[in-house]
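Protein chains: 2
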Amino acid sequence: MSAASAPAVDTARAWETVLQRIESDLIAGALTPGDHLPSERALAAELGVGRSSVREALRVLEVLGLIRTQTGSGPQSGAIIISRPSGGMTALVRLQVAAHGFAVRDVVKTRLVLESDVVTELARASGAAPTPALAPALEILDAMEQPGDELTRDEFLTLDQAFHLALAVASGNEVIAAMMAGLRESIEAYVRVGASVLPSWDDTSTRLKAEHRAIVAAIEAGDPELARTRIRDHIETYHAETNVSSIHPHREDT
Amino acid sequence: MSAASAPAVDTARAWETVLQRIESDLIAGALTPGDHLPSERALAAELGVGRSSVREALRVLEVLGLIRTQTGSGPQSGAIIISRPSGGMTALVRLQVAAHGFAVRDVVKTRLVLESDVVTELARASGAAPTPALAPALEILDAMEQPGDELTRDEFLTLDQAFHLALAVASGNEVIAAMMAGLRESIEAYVRVGASVLPSWDDTSTRLKAEHRAIVAAIEAGDPELARTRIRDHIETYHAETNVSSIHPHREDT
DNA sequence: GCTACCGTGTGGTCAGACCACATGGTCGGA
DNA sequence: TCCGACCATGTGGTCTGACCACACGGTAGC
Chain A
3 MSAASAPAVD TARAWETVLQ RIESDLIAGA LTPGDHLPSE RALAAELGVG
53 RSSVREALRV LEVLGLIRTQ TGSGPQSGAI IISRPSGGMT ALVRLQVAAH
103 GFAVRDVVKT RLVLESDVVT ELARASGAAP TPALAPALEI LDAMEQPGDE
153 LTRDEFLTLD QAFHLALAVA SGNEVIAAMM AGLRESIEAY VRVGASVLPS
203 WDDTSTRLKA EHRAIVAAIE AGDPELARTR IRDHIETYHA ETNVSSIHPH
253 REDT
Chain B
3 MSAASAPAVD TARAWETVLQ RIESDLIAGA LTPGDHLPSE RALAAELGVG
53 RSSVREALRV LEVLGLIRTQ TGSGPQSGAI IISRPSGGMT ALVRLQVAAH
103 GFAVRDVVKT RLVLESDVVT ELARASGAAP TPALAPALEI LDAMEQPGDE
153 LTRDEFLTLD QAFHLALAVA SGNEVIAAMM AGLRESIEAY VRVGASVLPS
203 WDDTSTRLKA EHRAIVAAIE AGDPELARTR IRDHIETYHA ETNVSSIHPH
253 REDT
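The listed protein sequences derive, respectively, from chains A and B. Just remember that my numbering sits 2 ahead of the position in the first sequence, which is counted from 1. Just remember that my numbering sits 2 ahead of the position in the second sequence, which is counted from 1.
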């Protein structure tokens, strides 16, 4: 039913067995965030594989945002289980965009779909009771509006990204938050290029700030439909203005 | 302004330089799907790094669904650029679920959000003009209803997954399709466990088939709201019935 | 003409050797 | 007693070289 006989099973490549071992330890609860993995040399000896194979598996886990590695000795050294899905999501989406697997247009559209749901859920929750989870997002808005301290485009965009991410986090769905972060970061280069060619940045940033406040207002008013409409307009307007969707990772010339 | 002097810049780890090189080649169009990467040994020599570092980078690309490797010689050997985004999504989400980064509940919820948008878009498009893109999905439904040929639960679930994926593909947004596939696959183990404990599989499968037809009917009728409602009920009912969301990767006992 | 063979290049793996680094203990002096 | 310098230890990061299994493609022999 399961394995035919005794042999085989070993058909997987060495680094895959390492990955499987770690995954099963995670599922079994033998490994939880904060724990240290055994050292590469110990893992290699324990699993009967070479250290290079262990390293290939750890590299994958690192890129996927599951572990953090550090040299040296002490409590902070070695490979430690973390859980930072957004990092892996970013790398995944960005490379897929680069490889033509994803169109920038679809990335923007997907982000819109996810974020629409985020604000809808937040508005629903806020209609029932005040939402303290929104506090981080509000702080970011305050930071964006500091009088007398003009932000550069880059600084503004950084805060803008943080605001949208804060909304996603506030909704409580980590999967959506990670995906949104990944989608956004993966096209960040295009967004920044788009912002740099805008004729009047002052006008744009002023409008964006107003739209952010309006979105939050709709959420706090407990109006899902309004919040949804506003986030949609917010995203679509910006991307239409900067023409981000038409930017193509490929250079057709030369 | 940028680099202090001549040195440094090399601060990135060796395997990262390999990754960056490949990414930039992808963006520049020097590498497109179907192309062969240079051999590991050539890449190592060219970039001035060890072969093991090259391998770590290639391993990442493989897990992320960007390349396919094959031993031997000939046209099919070596590392070839592909673009299978769902593979990377699956690995990422599955491991994050295992590491407690993602809750199964949130995965299901996110899938629901994405799929709601898929059927909404399909219904809108279908309202304007017939949608030939739905053909693959319809074929799968036919296969699920073959009379006299009772499908096992596993076979049924495989077709079920294919149906939902076909809908996503029909919507034309590859990012959403890939993410949905990844989300679905990552919790497939839990879904199958849930199905295996259902009291009356015949009743369930009959109901699911009817629901599938109803969803398609709503799409073809060009009724976005109805399609949205039906897909939501379809997914929520099933997951409530099988209690998938409550399945926890951890075993609290022993 | 066909078959069997073998050279060649590929990824897959392992072993061993360094390196830089961060820690934590030890030893010496104040 | 206290404190600073020192160094042994263990970690990840990297490179080198060596095999292996495999798949192709040409070649020699039938």
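C-beta atoms are modelled at their ideal positions from N, C-alpha and C, and glycine is treated no differently.
Looking at the DSSP output, B/I83 sits in a beta bridge with B/I69. B/I69 and B/L140 have their C-alpha atoms some 31 Å from each other. Annotated three-state conformation of B/H38 is strand, per DSSP. Cβ contact annotation for A/L161 (same chain, cutoff 8 Å, sequence separation greater than five): I142, A145, M146, L153, in chain order. Contacts with chain B (Cβ-Cβ distance below 7 Å) from the segment 58-77 of chain A involve E58, R61, V62, V65, L66, L68, listed in chain order. At least one beta carbon of chain A lies nearer than 8 Å to the beta carbon of B/G90. Contact check between the segment 80-100 of chain A and the segment 122-138 of chain A: fewer than three CB pairs, one atom from each, fall below 8 Å, which does not count as touching.
For A/L210, the enclosing alpha helix (DSSP H) starts and ends at 203-222. For B/H102, there is no enclosing alpha helix (DSSP H), as DSSP gives it neither H nor E. Under the 10 Å beta carbon count, A/E227 is surrounded by fewer than 16 other beta carbons and is classified as exposed. At a cut-off of 8 Å, the C-beta of B/D108 has a neighbouring C-beta in chain A. About 6 Å separates the Cβ atoms of B/P87 and B/G67, confirming a contact at the 8 Å cut-off.
Taking 8 Å as the CB threshold, A/V115 lines the interface with chain B. Going by C-alpha positions, A/R230 is about 6 Å away from A/V121. A/E243 and B/D235 have their C-alpha atoms spaced approximately 38 Å apart. Chain-order list of chain B residues neighbouring A/N175: D108, K111, T112, by C-beta distance under 8 Å. Residue nearest to B/V110 within the set B/G89, B/M181, B/A93 is B/M181 (criterion: CA-CA distance). The residues S88, L167, in chain order, have a CB closer than 6 Å to that of A/A183 in the same chain once the five nearest residues on each side in sequence are set aside. Look at the beta carbons and you see the segment 185-202 of chain B not touching the segment 128-135 of chain A: under three pairs across the two are nearer than 8 Å. Beyond the five residues adjoining it in sequence on each side, A/A179 comes within less than 6 Å, by CB distance, of A170, V171 in the same chain, given in chain order. Relative to B/K211, the option among B/Y240, B/A191, B/Y192, B/D225 whose CA is nearest is B/Y240. With respect to A/L39, A/V20 sits apart: the two C-beta atoms are not nearer than 8 Å.
Contact between A/R113 and A/L185 holds: CB atoms are separated by about 4 Å, below the 8 Å threshold.
Per DSSP, the unbroken alpha helix (DSSP H) holding A/D235 starts and ends at 226-244.
Of the residues A/V56, A/D37, A/L63, A/G174, the one whose Cα lies closest to the Cα of A/P77 is A/D37.
Contact of A/G103 with chain B is assigned, a C-beta pair being separated by under 8 Å. Chain B has a Cβ within less than 8 Å of the Cβ of A/E25. For A/E147, the secondary structure class from DSSP, reduced to helix, strand or coil, is coil. At a cut-off of 8 Å between C-beta atoms, B/I29 counts as an interface residue with respect to chain A. In this structure, A/L60 is the residue among A/V115, A/L60, A/R43 with its C-alpha nearest to the C-alpha of A/E25.
The beta carbon of B/A135 does not come within 8 Å of any beta carbon belonging to chain A, so the residue lies off that interface.
A direct Cα-Cα distance of roughly 24 Å separates B/L116 from A/H214.
CA-CA distance, A/T208 to A/V193, rounds to 17 Å. In this structure, DSSP gives B/L33 a state outside helix and strand, which the three-state scheme calls coil. Not a single CB atom of chain B sits nearer than 8 Å to the CB of A/Q148.
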